[in-house]
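Q: Take a look at the following structure, please.
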Amino acid sequence: MRLNIDCQRCGAEDELYDSGRCWTCVLEDDVDRLLTNPDTGTIAKELAPMATALKSMKRSNSGVTWIRQKHVTALLQELAVTPKVTHAQLDALPNSRTREFVRGLLVAHGSLPRRDVYLARYKAWATEALNRVDDQRNRDVIAQYIQAAHIRRMKQQAGPVAHGTFLRSKQTVTVAIDLVNWLSDHCIELHELEQEHLDAWVNDGTTTRLMGVRFLSWAIKTELVAPHLDIRAHRRGTSPRMSADEQQAVVERVVHTEELHPRDRAAAILVLVFGQQIEHVAGLTWDHVKISDDIVTVRVGAIDIALPDPLDQPWRFLAANPGHDLTAAHPVSNWVFRGYSPGQHINPAQLRHRLKVVFGTRAARLGTLHELTKLAPVAIIAEALGYHPATIEKHATDSAVAYSQYIAAIR
Ligand SMILES: [Zn+2]
């Protein structure tokens, strides 16, 4: 049986709960008690709007049940004595749905600014990313880089951090981590960094590494590395990327003249037309090559590259003359590109050197990837979003099919 008499506190006729008070009054008293700072005897100004909101919950009996849970009581008491409530202070409290509910109330009532979602996500991401730095000293450097060059800049911007900035900053730091880990793999301290290390690192990977220039210029400014260092391909005007015209001229020499040895032409075509890395080309065996009457297919990595006429000609020549350069070092060899050392395939550096007569393989590869990405905007997007390099190469190779047909057709 429910007994409705007047509340001793507010006089309303209602279901009474505790010491002659109605549910609404009990909730009000609870909120006041929990949010009052015992030192000042008052509720902090910034908590007042939230207090009002809590008190005016429609179902005050549910409100009382909620507020009297141990973790909610603890959280509100904690807030009551906090000198100034900030997102960071809330972050320091144990993560719970209650904490986020209270954060939401504080934001909704203007006591906390709306949180910068991407800034918060970036900070959380950066904390994780630091674990991927192998060396402790480098980890400190990257932490400093994240703070000074990214988070500080994000905070200086008017308004919340944009999604694009968030993605770019993630990718830039990922590349920086890749560089310092590569250095520690090669037992090189950051302060010992030389131009040749940077060149090797860039050469070793995909064009994404060119973004390392952002970390490098910060490291130069903060005097962590020597000022003359550069990631060259990134500079406008001095880019070693082969221009489309140069590329056309080189393709003409490689594909349509016999200036190079067929073996070098075969390699050159994979680099020039298909943007393949010389390292992958050097290790090809005849098991990777399929020759039919119509077409020659070469499997590089996980990709089958189809070579239409005239791109197939050096391959057909080599296949038809398998023994023409067998030597004592290679009495029986399955390598397409035999090395100087017995039983080894050609060293990529040697192959690069041989092709240098006609073109720089790196510049050609970059030029080709550039041309190919024109045909496949998705590749550019992939790169900007920091997809796995293999994805870019895949897209590039797909469009290389179109490019190779174009080259075959311009004869
Ligand atoms: Zn009452």
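Residue numbers for the sequence shown follow my numbering, beginning at -8 and rising by one. For every residue, glycine included, the Cβ atom is placed at its ideal position computed from N, Cα and C.
1) Please find out if some non-hydrogen atom of ligand 1 comes closer than 6 angstroms to the beta-carbon of R24.
2) Suppose you measure from the CA of L376 to the CA of G196; what does that come to, to the nearest Å?
3) Out of I58, V242, A35, state which residue places its alpha-carbon closest to the alpha-carbon of T15.
4) Quick check: what's the CA-CA separation for E4 versus N52?
5) Suppose the cutoff is 6 angstroms on Cβ atoms and the five residues either side in sequence are ignored; what does the same chain contact list for W306 look like?
6) Kindly indicate which three-state DSSP category K146 falls into: helix, strand or coil?
7) Tell me which residues share the same chain as Q(-1) and place their Cβ nearer than 7 angstroms to its Cβ, disregarding the 5 neighbours each side in the sequence.
8) Tell me the rounded alpha-carbon separation between I(-4) and L7.
9) Taking the alpha carbon of P74 as the point to measure from, which residue in P29, N122, G274, M233 has its own alpha carbon closest?
10) Please list the terminal residues of the continuous alpha helix (DSSP H) segment that includes K46.
11) Tell me whether A273 sits in a helix, a strand or coil according to DSSP, three-state version.
12) Short of 8 angstroms in beta carbon distance, which residues of its chain neighbour H219, apart from the five on each side in sequence? Order them along the chain.
13) Measuring only the C-alpha atoms, how far is Q268 from A354?
14) Let me check you understand the geometry: is the CB of S0 closer than 6 angstroms to at least one non-hydrogen atom of ligand 1?
15) Just how far apart, CA to CA, sit Q272 and P151?
16) List the endpoints of the continuous alpha helix (DSSP H) containing R128.
17) For V171 and H188, what's the separation of their Cα atoms in angstroms?
18) Go ahead and pull the three-state DSSP assignment for Y113.
19) D295 lies in the beta strand (DSSP E); which residues open and close that run?
20) For R90, collect the residues of the same chain with a Cβ closer than 7 angstroms to its Cβ; drop the 5 residues on either side in sequence, then sort them by chain order.
21) First and last residue of the alpha helix (DSSP H) that includes K212?
22) Would V204 pass as a contact of L184 if the rule is Cβ separation under 7 angstroms?
23) Would S160 be called buried (16 or more neighbouring beta carbons within 10 Å of its own) or exposed?
24) In the DSSP assignment, find the unbroken alpha helix (DSSP H) run with N245 in it and report its ends.
25) Got a sec, what are the start and stop residues for the beta strand (DSSP E) T288 sits in?
26) Can you give the Cα-Cα distance for F308 and W277, rounded to whole angstroms?
27) Just confirm the distance between the C-beta atoms of R244 and E237, as a whole number of angstroms; I'd bet it's less than 8 angstroms.
28) Any heavy atom of ligand 1 closer than 6 angstroms to the Cβ of A65?
29) Note down the Cα distance separating V241 from I337, rounded to an integer number of angstroms.
A: Quick answer:
1) no
2) With a pLDDT of only 38 at L376, under 50, the local geometry of the prediction cannot be trusted, and no value is derived from it.
3) I58
4) Using only the alpha carbons, I get a separation of about 15 angstroms.
5) A257, V287
6) helix
7) G11, R12
8) Whole-angstrom Cα-Cα distance: 7 angstroms.
9) P29
10) 39 to 46
11) Reduced to three states, the DSSP call for A273 is helix.
12) Exclusion of the five residues before and after H219 leaves Q186 as the residues of its chain whose Cβ lies within less than 8 angstroms of its Cβ.
13) 11 angstroms
14) Here the sequence assigns Arg to residue 0, which means Ser is not the residue at that position. Yes.
15) This sequence places Val at residue 272; Gln is not what is there. Near 47 angstroms, if we compare the C-alpha coordinates of P151 and V272.
16) 127 to 136 is the span of the alpha helix (DSSP H), which, as asked, contains R128.
17) 11 angstroms
18) helix
19) 294 to 298
20) L66, L81, L84
21) Counting along the chain, the alpha helix (DSSP H) containing K212 begins and ends at 203 to 212.
22) no
23) Answer is buried; the Cβ neighbour count reaches 16.
24) As written in the sequence, residue 245 is Val, which differs from the Asn given in the question. For V245, the uninterrupted alpha helix (DSSP H) segment begins and ends at 235 to 247.
25) Unbroken beta strand (DSSP E) run through T288: 287 to 291.
26) Taking the straight line joining both Cα atoms gives about 13 angstroms.
27) Incorrect: roughly 11 angstroms between the Cβ atoms, too far for contact.
28) no
29) Going from the Cα of V241 to the Cα of I337 covers about 23 angstroms.
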